[in-house]
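Before any comments, here is the structure.
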Amino acid sequence: MTMGPVWILSDSLRFLTPGRTEGADSSWGPDGLDRPVVGGLTVDTLNSSFDRTEKYKKRKTYMNILITGGAGFIGFHLSKALLDKGDTVTGIDNLNDYYDVELKKARLEILKKYDNFSFILMDIANRNAVKELFKNNEFNIVVNLAAQAGVRYSIDNPDAYVDSNLVGFANILEGCRHSMPDHLVYASSSSVYGANKKMPFSTDDNVDHPVSLYAATKKSNELMAHAYSHLYAIPVTGLRFFTVYGPWGRPDMAYFKFTKSILKGTPIDVYNHGKMKRDFTYIDDIVKGVIKIMGMPPVSDNTGDNLAAGKKAFKIYNIGNNMPVKLNYFIETLEKLIGKKAVKNMLPMQPGDVPATYADIDELQADTGFKPETSIEDGLERFVKWYRKFYG
Ligand SMILES: NC(=O)c1ccc[n+]([C@@H]2O[C@H](COP(=O)([O-])OP(=O)(O)OC[C@H]3O[C@@H](n4cnc5c(N)ncnc54)[C@H](O)[C@@H]3O)[C@@H](O)[C@H]2O)c1
Numbered sequence: 002m003t004m005g006p007v008w009i010l011s012d013s014l015r016f017l018t019p020g021r022t023e024g025a026d027s028s029w030g031p032d033g034l035d036r037p038v039v040g041g042l043t044v045d046t047l048n049s050s051f052d053r054t055e056k057y058k059k060r061k062t063y064m065n066i067l068i069t070g071g072a073g074f075i076g077f078h079l080s081k082a083l084l085d086k087g088d089t090v091t092g093i094d095n096l097n098d099y100y101d102v103e104l105k106k107a108r109l110e111i112l113k114k115y116d117n118f119s120f121i122l123m124d125i126a127n128r129n130a131v132k133e134l135f136k137n138n139e140f141n142i143v144v145n146l147a148a149q150a151g152v153r154y155s156i157d158n159p160d161a162y163v164d165s166n167l168v169g170f171a172n173i174l175e176g177c178r179h180s181m182p183d184h185l186v187y188a189s190s191s192s193v194y195g196a197n198k199k200m201p202f203s204t205d206d207n208v209d210h211p212v213s214l215y216a217a218t219k220k221s222n223e224l225m226a227h228a229y230s231h232l233y234a235i236p237v238t239g240l241r242f243f244t245v246y247g248p249w250g251r252p253d254m255a256y257f258k259f260t261k262s263i264l265k266g267t268p269i270d271v272y273n274h275g276k277m278k279r280d281f282t283y284i285d286d287i288v289k290g291v292i293k294i295m296g297m298p299p300v301s302d303n304t305g306d307n308l309a310a311g312k313k314a315f316k317i318y319n320i321g322n323n324m325p326v327k328l329n330y331f332i333e334t335l336e337k338l339i340g341k342k343a344v345k346n347m348l349p350m351q352p353g354d355v356p357a358t359y360a361d362i363d364e365l366q367a368d369t370g371f372k373p374e375t376s377i378e379d380g381l382e383r384f385v386k387w388y389r390k391f392y393g
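Just so we're aligned, residue 2 is where the sequence shown starts under the numbering used here, counting upward by one.
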């Protein structure tokens, strides 16, 4: 599949939030003398070919949203739902080849049909490019989903996690510090709970013992976000996602690999002899929850113990299904949907993996009314249907 030129920098989209002055705190240090490269083009080159000012002036009441990792699984679905609502979305992604780049491009093919969508090929670990992005755009809401995901991959590829999840996230925080969006929402992960035994996992539980570098970077993001919220009064919400699945999903995840292998008749690797439990959460439920949270920036707790800003507006939620499913049952459901038995290769636990995840979502439900509605049977049915259609 080929993709058209969607490398756009929407410099002309400037939305001012009530009570906020344009250019407030734009102290970027030495002004960007070196022009960042965005998708092989400089920002200037890109701007000259697009002027959407008039068109978007009319849409002032809508949100101008930055989604990092916009070509990714969750980023794609979230972008699409926001675009359908009429919001303006700028998606950025480095389109790395951790998994099939064609799938990422196919997601972008759908998004680029929307007039209110812009895409920038960009690495969040590129400090200058991120600076320039925030300097040239005024985002009401920033959703940071770009990250090196996956637990097992972090064993052999630690650098990817340091670059995207630590350096990249620090750059996004800096961008927010200088542009002050109404809300920064970022992806954390259920993996921060490590090998915790107490179930369900609650955001009140201690998460100081990650068992993979991936988990350590996600926990670090929460700490970094706390510091920035505390120091600069940025309203920040971290979301601990629990095994998100569904159409357009990630080929590195078990449900995707299982479907592919069962259809082909090749063996599947079943870790911990199928005794794993996962709180699988369907993508549409996640998207509904994230959109609710985006519209509810946490308010200051006014504890008075702060430094510069005198405020802290920081929140972390679990966002899961609240109903763990045994891996063996999961496989049986897939077998029924596909109409074929899996060839199982039973294996022990892998380093960095955890035996079970189970989200306590009471707080999220109380604050936002979030309610996952999709059963594992329905969710997998929709995934298998999509998979057959997409891969033929
Ligand atoms: N899907 C899940 O089950 C799950 C569970 C827990 C946490 N999360 C987190 O949610 C977020 C989204 O996950 P996803 O499942 O959509 O993953 P994904 O890999 O499909 O999406 C992430 C996207 O970010 C991009 N990206 C990675 N590093 C980047 C960088 N340095 N600069 C720019 N783009 C970069 C990738 O190309 C990819 O398109 C991630 O932060 C992930 O860690 C996901």
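No residue lacks a Cβ here, since even glycine has one placed at the ideal position from N, Cα and C.
Per DSSP, the bridge partner or partners of residue i
{"i": "Y246", "result": "Y283"}
{"i": "P352", "result": "DSSP lists no partner for P352."}
{"i": "I68", "result": "G92, V144"}
{"i": "K327", "result": "K278"}
{"i": "R241", "result": "S189, N319"}
{"i": "F1", "result": "Because the chain here runs from 2 to 393, residue 1 falls outside it and cannot be looked at."}
Residue i - containing beta strand (DSSP E), residue span
{"i": "K342", "result": "Run containing K342: none; DSSP gives neither H nor E here."}
{"i": "F118", "result": "118–122"}
{"i": "N319", "result": "315–320"}
{"i": "H184", "result": "184–190"}
{"i": "P268", "result": "268–271"}
Residue closest to residue i, alpha-carbon to alpha-carbon, out of the options
{"i": "G340", "options": "K265, T358, D354", "result": "K265"}
{"i": "N97", "options": "T282, A148, F243", "result": "A148"}
{"i": "I156", "options": "D354, P373, L109", "result": "D354"}
{"i": "K136", "options": "F243, L335, H179, K278", "result": "H179"}
{"i": "G70", "options": "A82, H210, M123", "result": "M123"}
{"i": "I111", "options": "A234, D85, I125, N95", "result": "D85"}
{"i": "F391", "options": "A107, G195, R279", "result": "A107"}
{"i": "A171", "options": "M225, V152, Y154", "result": "M225"}
{"i": "D160", "options": "A126, M181, N65, C177", "result": "A126"}
{"i": "N166", "options": "M347, E364, T218", "result": "T218"}
{"i": "T238", "options": "I142, N138, M324, G73", "result": "I142"}
{"i": "E223", "options": "K293, K199, A188", "result": "A188"}
{"i": "I75", "options": "F118, F315, E103, V291", "result": "V291"}
{"i": "D183", "options": "T358, M297, E374, T375", "result": "M297"}
{"i": "Y330", "options": "Y154, G275, T375", "result": "G275"}
{"i": "G370", "options": "S376, I362, T358", "result": "I362"}
{"i": "S119", "options": "E378, P325, D94", "result": "D94"}
{"i": "V344", "options": "T375, P268, K337", "result": "P268"}
{"i": "N65", "options": "Y388, W249, A234, G87", "result": "G87"}
{"i": "I317", "options": "V300, E333, R241, G250", "result": "R241"}
{"i": "F1", "options": "V193, T204, E378, G247", "result": "Residue 1 lies beyond the residue range present for the chain, which begins at 2 and ends at 393; the question has no answer from this structure."}
{"i": "K258", "options": "D164, Y100, K199, N138", "result": "Y100"}
{"i": "Y359", "options": "L109, K199, V163", "result": "K199"}
{"i": "T244", "options": "I235, V163, V326", "result": "V326"}
{"i": "M338", "options": "F384, I68, N117", "result": "Note that residue 338 corresponds to Leu in the displayed sequence, not to Met. The shortest C-alpha separation from L338 is found at F384."}
{"i": "K113", "options": "T91, V131, E103, A130", "result": "T91"}
{"i": "K261", "options": "Y115, T89, K81, G393", "result": "G393"}
{"i": "C177", "options": "V212, S230, V193, D368", "result": "S230"}
{"i": "M347", "options": "R128, I320, N273", "result": "N273"}
{"i": "Y162", "options": "D209, D253, A82, S213", "result": "S213"}
{"i": "K105", "options": "I121, I320, A72", "result": "A72"}
Cβ-heavy atom distance, residue i to ligand 2, below 8 angstroms
{"i": "A226", "result": "Ligands in the displayed structure: ligand 1; ligand 2 is not one of them."}
Delimiting residues of the alpha helix (DSSP H) encompassing residue i
{"i": "T260", "result": "255–265"}
{"i": "N222", "result": "214–233"}
{"i": "H179", "result": "169–180"}
{"i": "Y162", "result": "159–162"}
{"i": "V385", "result": "377–392"}
Residue i at chain C interface by Cβ criterion, 9 angstroms
{"i": "G321", "result": "The structure shown contains no chain C; it is built from a single protein chain."}
Which parts of the stretch 74–108 are runs of the alpha helix (DSSP H), unbroken and 4 residues or longer, counting only runs that do not cross its ends? Segments of the alpha helix (DSSP H) lying fully in the stretch 74–108: 74–86.
Unbroken alpha helix (DSSP H) runs of length 4 or more, entirely within the stretch 124–150: which are they? Qualifying alpha helix (DSSP H) stretches, in chain order: 128–137.
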